[in-house]
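Please read the structure below before turning to the comments.
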Amino acid sequence: MTKLATWNVNSLTVRLPQVLDWLSANPVDVLALQELKMTDDKFPFDAFHSIGYHAQCFGQKTYNGVALLSRSPARHVVRNIPGFADGMARVISAEVDEARVIGAYFPNGQEPGSDKFEYKMSWLKGLRIWLRAELDKCPRLVLMGDYNITFDDADVWDPVALKDTIHCTEEERYQLRALMALGLHDAYRLFPQAPKSYSWWDYRDFAFRRNRGLRIDHILVSDALKPLVKSCLIDKTPRKNERPSDHAPVVVELLQT
DNA sequence: ATGCCTCAGCTCCTGAGA
């Protein structure tokens, strides 16, 4: 396994042709998808099988929904966070080749102080408690997805205007740092990157054209995998499509293992 | 301050996203 990627597609029903196109141009070994917005019975298994991918999905009507596509079979598939009761389909994890791979759609949180923000905070704590045990069992681990959190001002197009707004609050960033403290590393920042690099741009107000975005889609790798990371990039190409997702894929490349 | 756009759904408006 050498390349893994994550992409919030904002409806797999709408974006399936773009995902298939992207995979033919970028034949990654694992692709984690978020915001399928479909139930499992609608999941396009055949389309992925026909281009050589195994597929595991955890769907939900209207909102959320995640999937893992992989060249090698996914083993020991787990849905959501064990020990954290959640009515939403946000996490799918599996062993692929010699690593534990987790694809996650973190809660948005809507607004600091709201019920949804409190849910985001408790979800983040639930994730951390599970991950601590998971890292003990599986030191070679990748956690990737739509985190809905920026690390710092470098991930925000206007840090002054967006200070303390959702995705940029100290509470969210504290939880993200607490995840890192378990022994995880932001693959993207292991390398020099262009300033103003983002993974999401609002559909409104020509935000993509003006590069008014946020970096909220991340790939975290464990201590054991960190030395193997060769590159990490955000692929803005699909954001230029007709009817694009608002998110761009993030890709990490590991040394052959 | 609000909507700016996009998507799903008990669809011609609303809720949610980020």
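Counting in the numbering used here, the first sequence runs from 1370 upward without gaps. Quick reminder that beta carbons are idealized off the backbone N, C-alpha and C, glycines included.
message = Rounding to the nearest angstrom, what Cα-Cα distance links D1455 and L1504 in this structure?
response = Your numbering for residue 1455 matches position 86 in the first sequence. Your numbering for residue 1504 matches position 135 in the first sequence. Distance between the alpha carbons of D1455 and L1504: 21 angstroms.
ask   = Do you know how far the Cα of W1526 is from the Cα of D1615?
value = Working through the first sequence from its first residue, we reach residue 1615 at position 246. Working through the first sequence from its first residue, we reach residue 1526 at position 157. Roughly 15 angstroms between the two C-alpha positions.
Closest by C-alpha distance to C1426, when choosing among S1441, P1396, P1451 and S1462 = By 1-based counting over the first sequence, the position of residue 1426 is 57. Of the candidates S1441, P1396, P1451 and S1462, the one whose C-alpha sits nearest the C-alpha of C1426 is S1462.
ask   = Excluding sequence positions up to five away, which residues of its chain have a Cβ less than 7 angstroms from the Cβ of C1537?
value = Here residue 1537 corresponds to residue number 168 of the first sequence, with the count starting at 1. The residues are T1519, V1525 and L1531.
query = With which residues is Y1474 paired in a DSSP beta bridge?
reply = To locate residue 1474, count along the first sequence from 1; it is residue 105. Y1474 pairs with D1515.
query = With C-beta atoms as the reference, is L1623 less than 8 angstroms away from L1594?
reply = Within the first sequence, residue 1623 is the residue found at index 254, counting from 1. Within the first sequence, residue 1594 is the residue found at index 225, counting from 1. Going by C-beta atoms, L1623 is nearer than 8 angstroms to L1594.
message = Given this structure, state the Cα-to-Cα distance separating V1511 from A1401, to the nearest angstrom.
response = As a first step, residue 1511 is located in the first sequence; it is residue number 142 there, counting from the start. As a first step, residue 1401 is located in the first sequence; it is residue number 32 there, counting from the start. Here the alpha carbon of V1511 sits roughly 11 angstroms from the alpha carbon of A1401.
query = Under 8 angstroms between the Cβ atoms of V1627 and L1438?
reply = This structure gives no information on residue 1627, because the portion of the chain shown stretches from 1370 to 1626.
ask   = Who are the Cβ neighbours of N1449 in its own chain at under 6 angstroms, not counting the five residues just before and after it?
value = The count along the first sequence starts at 1 and reaches residue 1449 at position 80. Contacts found: D1455 and V1460.
task = Locate the alpha helix (DSSP H) running through F1417, then write down its first and last residues.
result = Against the first sequence, residue 1417 aligns to sequence position 48. Taken as a continuous stretch (DSSP letters only), the alpha helix (DSSP H) holding F1417 covers F1414 to H1418.
message = Does R1444 come out as helix, strand or coil in the three-state DSSP assignment?
response = Position 75 of the first sequence, counted from the start, is the residue given in the question as residue 1444. Here R1444 sits in strand by DSSP.
ask   = Can you give the Cα-Cα distance for Y1543 and S1419, rounded to whole angstroms?
value = Here residue 1543 refers to the residue found at position 174 when the first sequence is read from its first residue. Here residue 1419 refers to the residue found at position 50 when the first sequence is read from its first residue. Computed Cα separation, rounded: 43 angstroms.
Distance, R1497 Cα to G1434 Cα = To locate residue 1434, count along the first sequence from 1; it is residue 65. To locate residue 1497, count along the first sequence from 1; it is residue 128. Between the C-alpha atoms of G1434 and R1497 there is a straight-line separation of about 20 angstroms.
query = Closest by CA to K1430, which one among L1381, G1552, G1582 and V1446?
reply = In the first sequence, the residue the question calls residue 1430 occupies position 61. Among L1381, G1552, G1582 and V1446, the Cα nearest to that of K1430 belongs to L1381.
inquiry  = Does D1615 come out as helix, strand or coil in the three-state DSSP assignment?
reply    = In the first sequence, counting from the first residue as 1, residue 1615 sits at position 246. Reduced to three states, the DSSP call for D1615 is coil.
inquiry  = Please return the same chain residues whose Cβ sits closer than 6 angstroms to the Cβ of M1457, not counting the five positions on each side in sequence.
reply    = For the purposes of this step, residue 1457 is taken as residue 88 along the first sequence, with counting starting at 1. The residues are N1433.
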